[in-house]
Amino acid sequence: MTIGRTNPNARTLRRDMTDAEQLLWKHVRNRNLGGLKFRRQATSGKAVPDFLCAEKRLIIEIDGGQHSEESDAPRTARLEALGFQVIRFWNNEVLQNIDGVLVRILAEANALPSWFGKRQPSSNSG
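This is the structure in structure tokens:
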């Protein structure tokens with residue numbers, strides 16, 4: 001799965017975030033949640049997940065009334081088959097219980113391995 005930033009649909013989604021997406025973004029941007037870097041509406045093939053923490057291969061989806069479990073299930077299965085953990089929240093859950101949402105995201109992230117290794121010092125010294 002290639003993660004890019006050039007999908008025009010992703011740009012529109014970033015510009016037109018829901019209230020719940022804006023609230024969650026306020027709390028996870030700039031490494032505010034456990035030092036983890038989240039990107040919003042990062043493209044990954046045809047999918048444009050709401051939030052992505054590439055280091056943990058964690059995707060956060062915020063679902064509104066337009067979503068249904070039946071239509072989201074195949075998309076979630078495709079992302080999970082590619083090695084991503086997907087967590088879904090309803091808009092009202094984010095808006096009414098942001099602290100609980102953040103606790104769950106951090107707990108899930110902490111339970112996942114980091115996919116980025118530590119940088120090794122260069123062997124070309126001097």
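In full-length UniProt numbering, the protein residues as written are 1 to 126. From the three backbone atoms N, C-alpha and C, an ideal C-beta is built for every residue, glycine too. None of these values were measured; they are calculated from a predicted model.
Exercise. Between which two residues does the beta strand (DSSP E) harbouring V86 extend?
Worked result: Against the sequence shown, residue 86 aligns to sequence position 86. Residues Q85 to W90.
Exercise. Excluding sequence positions up to five away, which residues of its chain have a Cβ less than 7 Å from the Cβ of L13?
Worked result: Within the sequence shown, numbered from 1, the residue matching residue 13 stands at position 13. Residue confidence is low: L13 scores 49 on pLDDT, short of 50, so the model does not pin down where it sits. No coordinate-derived value is stated.
For this session: Go through its chain and collect everything with a Cβ distance to L52's Cβ below 6 Å, but skip five positions before and after it.
Result: In the sequence shown, the residue the question calls residue 52 occupies position 52. Closer than 6 Å at the Cβ level, and outside the excluded window around L52, lie R39, A42 and I59.
Exercise. Near L106, which residues of its chain fall below 7 Å by C-beta distance, leaving aside the five closest residues on each side in sequence?
Worked result: Start at 1 with the first residue of the sequence shown, and residue 106 comes out as number 106. These residues qualify, in order along the chain: L33 and G34.
For this session: Just list the beta strand (DSSP E) runs in the stretch 20–58, keeping only unbroken ones of 3 residues or longer that don't cross its boundaries, in chain order.
Result: Qualifying beta strand (DSSP E) stretches, in chain order: 51–53.
For this session: Measure the CB-CB distance between I87 and E21 and report whether it falls below 8 Å.
Result: For the purposes of this step, residue 87 is taken as the residue at position 87 of the sequence shown. For the purposes of this step, residue 21 is taken as the residue at position 21 of the sequence shown. Not in contact: I87 and E21 (Cβ atoms no closer than 8 Å).
Problem set entry | Distance cut-off 7 Å: D99 Cβ against heavy atoms of the ligand SAM | In the structure on display, the ligand SAM does not appear, and there are no ligands present to speak of.
Exercise. Under 8 Å between the Cβ atoms of L102 and K56?
Worked result: Position 102 of the sequence shown holds residue 102. Position 56 of the sequence shown holds residue 56. No, they are not a contact pair.
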